Structure formats: structure tokens, C-alpha cells
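Right, one structure below, let's go through it.
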Amino acid sequence: MGFPLPGEVGERAREILAGRLAPVPARDAATVVLLRDDPLEVYLLRRTATMAFAAGAYVFPGGSVDPRDADHAVAWAGPSPAEWGEVFRADESTARGLVCAAVRETFEESGVLLAGPGPDAVVTDTTGPGWEADRLALIARTLSFAEFLDRRGLVLRSDLLKAWAHWITPVVEPRRFDTRFFVAALPPGQRTRDVGGEASGVAWMRPRDALAAARAGTAHLLPPTFRTLAEMAAFESAGDVLACPRSITTVLPEPAEVDGRMVLMFPETGETGE
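Shown next, in the form of C-alpha cells:
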């Protein structure tokens, strides 16, 4: 059993298992499963075909942690970085960066901002030329997330996020990420928009419909996305997702040789994302 690793990928796996090749270090990253109701849907981006990682795949908003995401100047409301560190079994600085990256990347890739003027409020409209200019400046890294929030008198709302999963890219990949998955409901009044960039298209989809498209071969889903969508399909509403108990277990698919063939083995359920 296991997911086949043919050609160069299989040879790379063999070299790594033999100790002749060192795996590439995994970069900290965060991704957010945005949810909306009636019926329960998730927000997916289709990565452009020219991307170096996961080209053409449907993914959730997210990306690598920027060193400035761990800046203590980021205005914060909700569970502290130390509390998030306990959830993800990470140090406080790493946890701060992960939560900030989750909120920043979601805004960059969907226009949705999990922040507000205080701990009990959330931004209701992020459209308009000024917001777009800020979004592009964040992408260009000419504006830090701390500066962005300070300029607009906002605080990051970490309480709007829920920790969901922890996936690490297999050692066989030349680009690797240590990714924490979050879920969040679309804030009232806000709406996503097709912001371009790394995405060739965006869509709100029912989890079961996205899974059906993957099985039919009309949508490419990476294993973490596939499994997360399968988990989302068990719920009726965003509130149900956010209210469910959840413990975080690290998932690191491992290469193995089975009957002379190199395969990738998935822990827990053994799903491969089909």
C-alpha cells in the first residue's frame, strides 16, 4: 500500500532513506480554511500552473511565515501567543508568527481580514482602493503586518481562529513546509474577492463537491487539502466546526520501499488524497 513515488521522486526518496541525501528543511507556514454557511462551503484558490509548489492545485489561503510576523508590535486580541504555542507544541515566538501569518496571508489571498478596532469587533468591509493598496504592499513586503494594523487602528483577532491540523511536507520534496492549519468563519459583512496573484481562480465550494471533483479528476487536491475537506464534509455549519473538540497531531507522510517500489505512507487513516 501507499502512494507511488515514480521516477526522479522515487530515486530521491531512495537516496534520502539510504542517508546519501539530506532532506530540505521545512519552512514554517500557516493556512486558513475559510468557511461560510447555507450550505457550509469552503474557500479554495487554484494555484497558477507556473507555481514552483503545488502548481494547478486547489488550496486554502496561506503561505510561509515572514520573519516580521513574530514582531511584538503586532496589535493582538484573543488567545495569546503562549496559549497558541501550547496548542501547536511550539515556542511562543513561532506561535506568534504562525497566527500572524495565518491572518496576513488570508487577507493577501482572499481580501478577508480577521481583525477589528477592538477585542469585541471585527472589520465589516475591506473593499476599496485604500484596502487594495495595503494588500498589495503587504504582498510586496514593503509594509509589515504590524504597520498595516497600526495604520488602520486595528488589532489581530486570534479568537476568530481555531487550530485544526499540523502537516509537514514529506522529506522527498525539494520544497518543504511545516504547516499549521486553522479554520475561521467568514466575518459578517466581509466578502472574498478574486485577487489574482498566485491564484488563477477562486471558488466557494461545498466540501463534498470539491472531493467529488478530485475523485473525477477535474480538480487536483494535495493530501492535506483532501483530508481536511473530508473532515469538513462531516459538519453542517461553520459554528459546528468551530465548536468541535480538536487535538492537534502532526502528520508527516514517510517514504518507504514496498516490494521494490518506493511509496509514500500516510499515518493515521492512510489516505493519500487520491
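Residues are numbered in our numbering as their position in the sequence shown, beginning at 1, plus a constant of 36. Built from N, CA and C at the ideal position, the CB exists for glycine as well. Computed from a prediction, not measured in an experiment: that's the story for all the values here.
Check                                                                                            : Outcome
Near the ligand GDP: Phe181 beta-carbon under 6 Å from a heavy atom                              : Absent from the structure shown: the ligand GDP. Ligands present: none.
Beta-carbon separation (whole angstroms), Leu71 vs Ala221, contact threshold 8 Å                 : 5 Å
Endpoints, alpha helix (DSSP H) assigned at Ser146                                               : Glu128 to Ser146
Sequence ranges, alpha helix (DSSP H) only - wholly within the region 249-292, length at least 4 : 259-268 and 274-279
Same chain only: Cβ atoms within 6 Å of Leu265, ignoring 5 sequence neighbours per side          : Pro243, Ala246 and Leu247
contact_flag[the region 169-178, the region 92-100] where n(CB pairs < 8 Å) is 3 or more         : no
Residues bridged to Thr170 [DSSP beta-bridge criterion]                                          : Per the sequence shown, residue 170 should be read as Asp rather than Thr. Paired residue(s): none; Asp170 is not in a bridge.
Host alpha helix (DSSP H) of Glu47 (start-end)                                                   : Gly43 to Leu53
Proximity to Ala274 [Cα-Cα], best of Ile52, Val69 and Ala49                                      : Val69
CB-CB length for Val123 against Ile284, believed under 8 Å                                       : 6 Å
Glu272 versus Pro75: straight-line alpha-carbon distance, rounded                                : 7 Å
Identity of the residues DSSP links to Ile204 by a beta bridge                                   : Asp214
Bounding residues of the beta strand (DSSP E) (the contiguous stretch that carries Glu77)        : Glu77 to Arg83
With 16 other Cβ atoms within 10 Å as the buried cut-off, status of Asp64                        : buried
For Ser116, three-class secondary structure by DSSP                                              : coil
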